[in-house]
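Sequence order for the protein chains is A and B. Numbering-wise, our numbering puts 163 at position 159 of the first sequence, and it's gapless, one number per residue. Numbering-wise, our numbering puts 116 at position 53 of the second sequence, and it's gapless, one number per residue. Glycine included, each C-beta is placed from N, C-alpha and C at the ideal position. Worksheet: one structure, shown below.
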Amino acid sequence: MSASLFPRRTFDDILEDLTGEGQHASHVTGHLIRPPRSASWGAYPPDLHPSLLDALRRRGIEQPYTHQSDAMERVRSGQHLVLTTPTASGKTLCYNVPVLDTLLREPDCRALYLFPTKALAQDQYVAFHDLVEAVGEPIGTFTFDGDTPPDARRAVRDHGHVVMTNPDMLHSGILPHHTRWAKLFENLRFDVIDELHTYRGIFGSHVAHVIRRLRRIAKHYGSEPQFICCSATIANPHELARQLTDLDMRLVDRSGAPTGEQNLVCYNPPVVNAQLGIRAGVVRSATKIAADLLISGVSTIVFAGSRLHVEVILKYIREELRRARLSPDLVQGYRGGYLPLQRRRIEAGLRTGEVRGVVATNALELGVDIGSLDACVIAGYPGSIASLWQQSGRAGRRGGRSLTVYVARSSALDQFLVTHPDHLLGSSPEHARINPRNLFVLVDHMKCAAFELPFEPQETYADLEASETVEVLEHLERNQVLHESQGRFHWMARVFPANSVNLRSFHEENFVVIEVPTDRVLAEVDFRSAHTSLHDHAIYNIDSHQYQVERLDYENHKAYVRKVEPDYYTTAMTHTRVAVLDEEDAGSQGDVVVAHGEVLVSRRVVGFKKIRFHTNENVGYGDITLPDQEMHTTACWISLSQEALDALPFHRDTCVDGLRALSHALHTTATVALMCAGQDIGRAMGDESAANRVGGPAAPSAAPGNEADFDPTVFLYDNMPGGVGLAPEIHDRMPELILSALALMGDCACAGSGCPTCMGALPGYSAETHSAARAIGAMIQGALSP
Amino acid sequence: MTSLTARLDRALPSSSLDERSVEPLFVVADATQRELGGALRSTPYGPCRVITTRYPLTHTHGDRALGTYASQPLAHLPQLTGDPRLKDRVARDALFLDIEATGLDHGAGTFAFLIGVGLFEGDSFILHQLFLDDPSQERAMLHVLIELLDSRPMLITFNGKSYDLTVLGSRLVMQRLWTERECDLKLRPHLDLLHLTRSLERERLPNTRLGTLEREILDFHRVDDVPGHLVPACYHHFLRTGETSAVEGVIEHNLHDVLSMVTLADHVVGRSRPDPRIYREPEERDGLARLLLRRRAPASGLAVLANFIQETEAPSWATETAEALATAAVAARRALLPERSRYAWERLLERDPLHEEALRGLIRLESRGARDLPRALGLARRLEAVAPSPAATRRVQRLKRRVARSSGRLPKTDLCMV
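Laid out in structure tokens, this is it:
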């Protein structure tokens, strides 16, 4: 067998191809080798409960790693703790051991575990339950989520020493019914929060409030739980844990776990049209590499940026496998819209090896146990360095040599990163930002909190001062939601507030996709994506099958689709308009205004394009009429007066184009500097004139270039209702951002003709646009520097 | 930089918060603020308003006097409700309880602002209505409630199991008056009239809401009653404005609820006694029999039905009797009493050889465990003739094969050819 005529390529051959002199080598812009690291061992606490120690030893855990022993010590001394060590370094042991140790000594104690998803809670339940079995003591462990049958809920409440749940269930199923959980709250000793880094952005802001409410209820029952948080690698685990829990935390971040050799390769797809600077698509390139790996027998996971890309890549890889006479079922798709049972089946297939490859969205990024894979292909920057490392950690979880290939998209951010691999490979992962002061989130949760317990006189809520707390409470009373009596605020509405507060999005119900004529429910789509993916005539992709939307029942949140076999897919085009509601801070006055404040963003889906599979030709258009999506958020904006533009040696239209081009570069540099995902910051051009301010949403659409007396304005807005704090930061760092935007445009290889990397590529752009953009940039820079 | 209040008003205008805007407020136009009736009773936790009304036992509510209930024997209730703690209880042990609350769900934030408690004392029926002038008096109110609860060993409610007792239990925990275990009100001896009424009357009435029962059974007709779903809004209005007219209607509504519970208790306790001599409408009879069978009291259940069957066994074949037999058969099967079930089906088939349900029931019984396969096949053929369908044909085929196999005519391997 060894002397085969066509020897099967091995993992090493493929790595050599990419990093040595092989066929792909010229497209590799960076290669990072993380050397293997050996274990450093600590010791169990000397007085660990003997049956627990025995159980650990019998399970082959003779000795803990240093970070584990450190964490155990700190938990035992009563400190709130946040742990951040790499994937597969044994974080769960850090909390399971001290929690079990305490439960064995004090059987009345209770612990609450929070995981971001049901699937994770179920996984961890199995692991914890095994340990409890090994210890052999009756410690009740239960998961509690939407799937828990009503009969079992009572048992969980009465007999659960350890209850594993998710923030959504805590928010709507436990806290509002706390009287039934009195036993848990009276004895609550530990609160474990795993996958802390997922609680970021608006979701994190919500969860911060759920935790504040949890502490408020626990306090009512006379307990103050100790918090143990675990996070993947992010820049600010300590700060995030403090913000989420509103407590002083200790950080443990030095891992003692061994790792295998990790290879991370940055791959920029080849240029296929030098004249237009067009590169091969990310989908094609990622497919090629992943198919190579899979055909060579290397187990591989592919991460794609969108559900659509997952489906397209899956379809292409299956075609490659068929050509290689392999079963197309060796590779499976895995993403949010798949029904739970389908996902469990795929996870099981991965563990047993029946499934060798997976194409996933970041739903798989979290610690779902899928066993070890050898390689990871990341199709497009996942939006954060933390995610990149987390996804890459999926390869070689259990040691051994592993490979991660990051394939760059043609987007500005991707091209910036792939051509500056040091930035990607060398810099720290980003900050997880939350904003517990987000007004929408805050008010929603104060309603829930008032339902749970009346607000006492002088009580302060969350991050508010006593006087601010009263301001919000009085606002709610004016709106007849609360009733004040002797300084106490009581809930006074018929409805149950937690039901109308969704932690993961804003009051928006999912759309259901129904197949015609079978009436089968195929998937659920979140409210925002529904506008772009379920409009009439859209092609909806799932499991690499195509369905055409026959009718979107917008009122009832249903889309009726029929299976089709088109040679194209569709993408929607949107138009965004921003109106200023309140200017908070103007950094510069006169001809150039740089300010930030509250805005109303209206997004309209105006039409869609049909794109042919494989060739990516545009084969048609269609109109879409759907209601606008409105969002109240914060933004930073730069507004240029008519006079300022007149002073520049360009035609007015060129100036507007130049400003738009500059905004493109600013968006890229802001994304990099604030270390957030590209989609976290929205960008729009508009008119920031007085009329638009007062008129709000009713003001006429500001079409740049048509009206003589309009002050062209660039908005960079926080793409979440209420904002997570990006806009003030952009405002504060504007001088620095302008400088790097100018540098980006100056350095770019396209030499001023306009490309996605620097100022974007629109049909009307020319070298003159480039000059105008740089002139405007210089003008803004001048206005900002004193 | 604008103030927090201004930002709140802009970002969250009242329209986005006013969650009650969907319902028209049910308030009497008269905006007077007068003292509500009753007296303030003082407790260690402050005062609580208690409105007490005393009725002679001869007071009629609807078609009967309140006192009729007081002489009902309750001996059959433990069996009928499956609650052994009702053993040895007499009618006068009962405490009637009904609450009006600030919401319709039972999360921790929903609280009772009016608790109606009725009990028999000597030659009177006494109704205490505990009312919250202000949410801060809740602790005092619950204190009075506990005193009253402790004076009687048994509770009677209408849907209390899933609503009234849940809300009160939750509030007792909130106010830290009882620990969770002690305040599990549901562990007290309790007769929930809704469940019993539903078993008896479901088939006869469009629904078993209290209002329907009052009209259809108790002959009591309310005038200008506050609809239940507007009750929370009325109380909210009272708290905001102090207009007592908003809650006077609710207090009267609660009063009628409690009085109706007393006469309803008289009705269902009387009707549910499994005495075969009581004449019953077929629906009620079937309901009671089903309930008894479900409660594992097959003897009484079948007695209720069988006596009826015998009594009406006249030359004129009554559909009612057929239905009674069918009910008995199905109920007996559910109660895992196949022989009782067979008895009923056979009787039915004797009278009507083409009765589809009886045919199906007997085919199932005869073919299970291959008791009498040839007879099952014969019945299946008959059923196919009466009600032809592909399923019926398949059933005949299947039984044919089984008969053949058991008599050894058809080798097993041929089965896949069929």
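Pairwise C-alpha distance: residue j and residue i
{"i": "L538 (chain A)", "j": "M635 (chain A)", "result": "20 Å"}
{"i": "A467 (chain B)", "j": "E429 (chain B)", "result": "16 Å"}
{"i": "L663 (chain A)", "j": "A674 (chain A)", "result": "16 Å"}
{"i": "S414 (chain A)", "j": "N506 (chain A)", "result": "35 Å"}
{"i": "Q247 (chain A)", "j": "A639 (chain A)", "result": "23 Å"}
{"i": "I206 (chain A)", "j": "L256 (chain B)", "result": "48 Å"}
{"i": "P345 (chain B)", "j": "Y406 (chain B)", "result": "20 Å"}
{"i": "V447 (chain A)", "j": "V476 (chain A)", "result": "7 Å"}
{"i": "R410 (chain B)", "j": "E386 (chain B)", "result": "12 Å"}
{"i": "D151 (chain A)", "j": "G109 (chain B)", "result": "44 Å"}
{"i": "V381 (chain A)", "j": "V79 (chain A)", "result": "38 Å"}
{"i": "L325 (chain A)", "j": "V565 (chain A)", "result": "29 Å"}
{"i": "P570 (chain A)", "j": "D650 (chain A)", "result": "51 Å"}
Range of the contiguous alpha helix (DSSP H) that encloses residue i
{"i": "K187 (chain A)", "result": "186-190"}
{"i": "T70 (chain A)", "result": "70-80"}
{"i": "G34 (chain A)", "result": "It is not in any alpha helix (DSSP H) - G34 (chain A) instead sits in the beta strand (DSSP E) that spans 32-38."}
{"i": "F207 (chain A)", "result": "205-224"}
{"i": "H206 (chain B)", "result": "201-212"}
{"i": "T793 (chain A)", "result": "Only positions 5 to 790 of chain A appear in the structure, and residue 793 (chain A) is not among them; the question remains open."}
{"i": "Y298 (chain B)", "result": "294-304"}
{"i": "G430 (chain A)", "result": "425-430"}
{"i": "T408 (chain A)", "result": "Per DSSP, T408 (chain A) belongs to no alpha helix (DSSP H); it is in the beta strand (DSSP E), 406-411."}
{"i": "G781 (chain A)", "result": "771-788"}
Whole-Å CB distance - residue i paired with residue j, under 8 Å assumed
{"i": "Y320 (chain A)", "j": "A412 (chain A)", "result": "The pair is not a contact, with the Cβ atoms about 18 Å apart (cut-off 8 Å)."}
{"i": "L429 (chain A)", "j": "L36 (chain A)", "result": "4 Å"}
{"i": "L190 (chain B)", "j": "L318 (chain B)", "result": "6 Å"}
{"i": "L298 (chain A)", "j": "T304 (chain A)", "result": "5 Å"}
{"i": "R360 (chain A)", "j": "L318 (chain A)", "result": "About 13 Å separates the two Cβ atoms, so there is no contact after all."}
{"i": "Q135 (chain B)", "j": "D415 (chain B)", "result": "Contact doesn't hold; Cβ gap of about 40 Å is too wide."}
Beta strand (DSSP E) segment containing residue i, residue limits
{"i": "H641 (chain A)", "result": "Looking at the sequence provided, one finds Trp at residue 641 (chain A) rather than His. Element bounds for W641 (chain A): 633-644."}
{"i": "A599 (chain A)", "result": "596-616"}
{"i": "N277 (chain A)", "result": "275-277"}
{"i": "I518 (chain A)", "result": "515-519"}
{"i": "Q230 (chain A)", "result": "230-235"}
{"i": "L218 (chain B)", "result": "217-220"}
{"i": "R112 (chain B)", "result": "109-119"}
Listed by chain order, chain B residues near residue i by CB distance under 8 Å
{"i": "P180 (chain A)", "result": "G170, A171, G172"}
{"i": "V476 (chain A)", "result": "L67, L71"}
{"i": "H479 (chain A)", "result": "T68, L71, D72, L75"}
{"i": "H636 (chain A)", "result": "A74"}
Chain-ordered chain A contacts of residue i [CB-CB under 8 Å]
{"i": "P198 (chain B)", "result": "P458, H487, S489, R492, H494"}
Interface partners of residue i on chain B, CB under 7 Å
{"i": "H427 (chain A)", "result": "Near H427 (chain A) there are no residues of chain B at all, since even the closest Cβ is about 36 Å away, more than 7 Å."}
Partners in chain A for residue i, counting only beta-carbon separations shorter than 9 Å
{"i": "G181 (chain B)", "result": "Per Cβ cutoff of 9 Å: no residues; G181 (chain B) is ~26 Å from chain A at best."}
{"i": "T165 (chain B)", "result": "H494, W495, M496, A497, R498"}
{"i": "L299 (chain B)", "result": "The amino acid at residue 299 (chain B) is misidentified as Leu; the sequence shows His. The answer, in chain order, is Q484, H487, M496, A497, R498."}
Contacts around residue i, its chain only, beta-carbon distance under 6 Å, and the 5 residues preceding and following it disregarded
{"i": "L149 (chain B)", "result": "L140, P141, P252"}
{"i": "H449 (chain A)", "result": "H213"}
{"i": "C680 (chain A)", "result": "none"}
{"i": "A776 (chain A)", "result": "F654, T658, C659, G662"}
Same chain only: Cβ atoms within 7 Å of residue i, ignoring 5 sequence neighbours per side
{"i": "A450 (chain B)", "result": "E419"}
{"i": "D435 (chain B)", "result": "E429"}
Under 9 Å from the C-beta of residue i: neighbouring residues of chain B
{"i": "L585 (chain A)", "result": "R73, A74"}
{"i": "V160 (chain A)", "result": "Going along chain B, no residue has its Cβ under 9 Å from V160 (chain A), so there is no contact; the nearest lies around 15 Å."}
{"i": "E733 (chain A)", "result": "Here the premise fails: no neighbours, minimum Cβ distance about 17 Å."}
{"i": "E472 (chain A)", "result": "L67"}
Own chain residues within Cβ distance below 8 Å of residue i, not counting five before or after
{"i": "F500 (chain A)", "result": "P180, F455"}
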